[in-house]
Amino acid sequence: MSVLQRDPGEQVQVLSEDGRVREGSDLPDLSDEEFVEMYRYMKLARHFDQRAVSLQRQGRMGTYPPLSGQEGAQIASAFALDDEDWLFPSYREHGAALVRGLSLKRTLLYWMGHEAGNAIPEEANIFTVSVPIATQVCHATGAAWASKLQGEEEAFICYFGDGATSEGDFHEGCNFAGVFDTPNVFFCNNNQWAISVPRGRQTASETLAQKAEAYGFEGVQVDGMDPLAVYEVTKRAVEKAKEPEEGELRPTLIEAVQYRFGAHTTADDPSVYREEDEVEKWKAKDPIPRMETFLLENGYLDTEGVESIEESVKEEVAEAIDEAESVSRPEPEEIFKHVYEGMPERLREQAAEFEALRETYGDEAFLEGH
Amino acid sequence: MSQMETRGETQNLTLVQAVRDGLRDEMREDERVLVMGEDVGKNGGVFRATEGLYDEFGGDRVIDTPLAESGIVGTAIGMAAYGMRPVAEMQFMGFIYPAFDQIVSHAARLRTRSRGRFTCPLVVRAPYGGGIRAPEHHSESTEAFFSHYPGLKVVIPSTPYDTKGLLISAIRDPDPVIFLEPKLIYRAFRGEVPDEPYEVPIGEAAVRREGEDVSVFTYGAMTRPTLEAAERLEGEVSVEVVDLRTVSPLDEGTILESFEKTGRAAVVHEAPKTGGLAGEITATIQEEALLYQEAPVKRITGFDTPFPLYALEDYYLPEATRVVEGIREVAEF
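Protein chains in written order, with this note's numbering: chain A, 1 to 370; chain B, 371 to 703.
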């Protein structure tokens with residue numbers, strides 16, 4: 001029986017909180033190198049996140065949404081995708097996007113307010129960041145539907161938080177996916193809080209996974225801070241999206257139960273609405289030490305390996321920050337570009353008028369007082 | 371500044387504090403008034419506009435809702451029709467669009483559709499506009515969407531005094547009001563605000579500075595760079611600055627009175643040019659005061675582009691230099 005066919009309230013786990021393989025659990029089918037690589041990405045995402053928050057505090061970056069605590073869910077689920085699959089992120093999936101080929105530099109540029117940060121390389125199957133809540137659920141369903149109509153075999157994973165399940169667009173996207181049997185994996189990062197509003201104020205449902213029942217497909221709850229369990233569940237969901245069994249619908253709703261250790265964004269102060277001992281309780285489930293213990297105790301990695309990963313991760317992030325910060329302030333003409341395929345006359349006039357003024361007065365006049 | 375006459379005790383408040391003061395006074399005054407939205411309760415709103423209200427009035431009147439704009443406005447319409455006076459907060463105007471259908475298709479038409487049997491005394495509040503280094507979708511200025519729609523009123527204050535008085539008027543108004551708060555000036559300065567509840571009438575503009583040569587019509591956060599531009603032009607061009615305060619319905623009387631005096635006009639807003647309020651004001655002048663007109667009306671606005679990411683937002687927003695240049699063009703025509 002598939003790991004997806006279970007009571008949505010029964011949480012899938014492979015690793016215990018102290019990083020040991022639970023009795024009766026099978027290890028996912030990954031090579032030694034892949035286990036280590038998954039860990040490396042988690043460390044990279046954590047260090048990146050900590051540096052990004054610090055950059056914002058130093059005034060070197062704008063508002064930033066931290067992900068610490070969610071590395072297990074993000075990295076492991078992205079690892080479960082095949083090359084051809086697509087990823088539809090919210091605004092917090094820097095880790096998952098990294099696995100799928102979006103550079104740290106590009107993520108930094110986006111949050112540093114550069115239009116260039118919106119550009120996604122041709123070879124990365126990642127949709128644009130969605131800042132409004134749950135709207136991307138509908139985009140992912142539409143894209144998956146189109147790919148199915150064109151006879152392709154790709155899966156579409158879509159990330160959103162627990163708050164998103166309250167939105168109409170979540171329901172509408174899932175409902176369409178069920179009706180049209182689209183190859184979707186709806187991945188809910190249930191991090192317990194939608195800014196200050198707790199999970200219990202989003203819904204009276206016992207679990208978020210059980211909502212899938214309303215749309216006619218499977219919902220499964222997984223320990224989102226257990227990377228091996230997340231990988232296993234997502235892998236099965238991706239496989240089912242492409243090759244469902246007789247009578248089985250393609251979509252799956254995964255509820256990855258986890259916690260964001262930090263604020264919703266750097267503009268938020270969680271001490272207003274949540275207790276510190278709650279944070280400490282969840283830190284005991286931190287996916288990174290859990291994965292590290294697993295790797296060390298089973299001989300995939302030694303302490304030297306851990307240290308060398310730590311060094312390389314620091315270098316990689318430092319390099320990305322240097323690169324992003326060396327990009328000069330974009331020219332104002334960037335405002336006018338890519339609005340339409342061809343620039344309408346009126347926009348051309350506005351751009352020309354502004355450029356003429358800029359030439360006459362210089363940038364200092366325009367930026368005065370800012 | 372005729373609206374600045376105050377009696378009794380006052381406090382020196384920021385604009386966002388004046389929002390809270392107005393809400394609190396009206397909640398004390400009328401127990402049908404309630405506040406609802408995402409993070410408005412315990413967290414006191416992401417801009418702290420509802421700070422302290424939860425403690426004073428409790429969770430039944432300061433309601434943290436699920437994250438669902440359409441649901442917030444949709445349920446608020448039902449509450450309003452059934453005798454409550456809800457004030458629904460949209461966390462940012464850039465997130466109002468899931469609720470757009472509820473606002474235009476239902477709130478605005480409830481009275482018409484029921485031939486007066488039901489009304490919708492609803493206020494939808496939203497921080498709006500750019501200039502605070504916010505992420506994508508947090509800086510939009512799309513008041514024209516709502517100004518365009520019959521059945522709604524659209525109010526945009528620019529001072530703490532007006533904010534409290536206009537908000538109280540909006541809550542007491544028997545029809546739905548879209549109340550847009552320019553977040554760039556939420557904390558930019560303070561002003562005297564009376565402790566007692568008071569009304570600033572919806573639909574009345576304020577002449578912020580008198581002048582003879584050119585009338586400049588503006589509102590919200592752009593009132594400040596416009597006043598600055600008028601000062602810079604002192605001695606060269608005598609500029610009259612009119613703060614509209616309500617963009618729907620427009621105060622045509624004050625607009626035309628000012629224009630007939632100067633014969634020349636500019637309009638300043640941060641919203642995109644196409645379909646913006648400046649076009650409406652220009653057309654109003656053309657229709658009503660053509661024979662007074664000495665020069666074409668100049669629109670000094672945001673561009674017809676999505677609001678840029680923050681590295682370029684200062685270029686996008688009209689600032690004093692663009693306003694000065696625009697006014698000169700009108701004066702010298």
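Positions of the beta carbon are idealized from the N, C-alpha and C atoms, including for glycine.
Is the shortest distance between the beta-carbon of A:G113 and the beta-carbons of chain B less than 8 Å?
-> yes
Look at the alpha carbon of A:T107 and the alpha carbon of B:T593, and state the distance between them as a whole number of angstroms.
-> 36 Å
Residues of the segment 394-424 of chain B whose Cβ lies closer than 9 Å to any Cβ of chain A, in chain order = E408, D409, G411, K412, N413, G414 and V416
Can A:G224 and A:Q210 be called in contact, C-beta distance under 8 Å?
-> no
On the three-state DSSP scale, how would you describe B:F587?
-> strand
Classify B:M454 as helix, strand or coil using the three-state DSSP reduction.
-> coil
So which of A:E154, A:H370 and A:E115 has the shortest CA-CA distance to A:P338?
-> The question names Pro, but residue 338 of chain A is His in the sequence shown. Here the closest residue by C-alpha is A:E115.
In terms of alpha-carbon separation, which member of B:V474, B:Y662 and B:R557 lies closest to B:A591?
-> B:R557
B:E683, buried or exposed, once every other Cβ within 10 Å from all chains shown has been counted against 16 | buried
Consult DSSP for B:K618 and reduce its assignment to one of helix, strand or coil.
-> First, the amino acid is wrong: residue 618 of chain B is Ser here, not Lys. B:S618 falls in the strand class under three-state DSSP.
Cα-Cα separation between B:R560 and B:P527, rounded to whole angstroms | 14 Å
Which term fits B:R485, buried or exposed, when burial requires 16 or more other beta carbons within 10 angstroms of its beta carbon?
-> exposed
Exposed or buried, what is A:D32 when buried is set at 16 or more other beta-carbons lying within 10 Å of its beta-carbon?
-> exposed
Run of the beta strand (DSSP E) containing A:Y159, from where it starts to where it stops = F156 to G161
Spell out whether any CB of chain B is found under 8 Å from the CB atom of A:Y41.
-> no
If you draw a straight line from the C-alpha of B:V389 to the C-alpha of A:G173, how long is it?
-> 36 Å
Can you give the Cα-Cα distance for A:A263 and B:G414, rounded to whole angstroms?
-> 16 Å
Going by beta carbon distance, what residues of the same chain come within less than 7 Å of B:S372, once the five residues before and after it are set aside?
-> With a pLDDT of only 43 at B:S372, under the threshold of 50, the placement of this residue in the model should not be trusted; the figure read from the coordinates follows. Nothing listed; no residue qualifies.
Within chain C, the residues that A:I133 reaches when beta carbons sit closer than 7 Å = As a matter of chain content, chain C is missing from the structure shown, whose protein chains are A and B.
Can the beta-carbon of B:G407 be found closer than 8 Å to that of B:Q461?
-> yes
Minimum Cβ-Cβ distance from B:M371 to chain A less than 8 Å | For B:M371, the predicted model reports a pLDDT of 40, less than 50, meaning its position is unreliable; a value from the coordinates is still stated below. B:M371 does not count as touching chain A.
Sorted by chain position, which residues of the same chain lie with C-beta nearer than 6 Å to A:P65's C-beta, five sequence neighbours on each side aside?
-> Y91, R92 and T265
If you measure beta-carbon to beta-carbon, which residues of the segment 298-330 of chain A are closer than 7 Å to chain B?
-> R329 and P330
Please list the partners that B:E706 has in chain A, where partner means a Cβ-to-Cβ separation under 9 Å.
-> Nothing can be reported for residue 706 of chain B: it is not among the residues displayed for chain B, which extend from 371 to 703.
Output yes if chain A places a C-beta closer than 8 Å to the C-beta of B:A635; else output no.
-> no
On the premise that B:K534 lies in contact with B:V563, defined as a C-beta separation below 8 Å, what is that separation, rounded to the nearest angstrom?
-> 5 Å
In whole angstroms, what is the alpha-carbon distance linking A:N373 and A:V257?
-> The structure shown does not extend to residue 373 of chain A, since chain A is modelled only from 1 to 370, so the question has no answer here.
Taking all protein chains shown into account, do 16 or more other C-beta atoms lie within 10 angstroms of the C-beta of A:E232, making it buried, or fewer, making it exposed?
-> buried
Which of helix, strand or coil does DSSP assign to A:Q221?
-> strand
Mind checking if B:S511 is an interface residue toward chain A, Cβ cutoff 8 Å exclusive?
-> no
When DSSP builds the beta bridges, which residues end up paired with A:C188?
-> A:F160 and A:E255
Kindly indicate which three-state DSSP category B:M406 falls into: helix, strand or coil?
-> strand
Could you tell me which residues DSSP pairs with B:Y498 in its beta bridges?
-> B:P552
Under 7 Å between beta-carbons, which chain B residues line up against A:I335? List them in chain order, please.
-> F673, T675, P678, L682, Y685 and Y686
Buried or exposed by the 16-neighbour rule on C-beta atoms within 10 Å, applied to B:D391 = buried
Where does B:D434 fall in DSSP's three states?
-> strand
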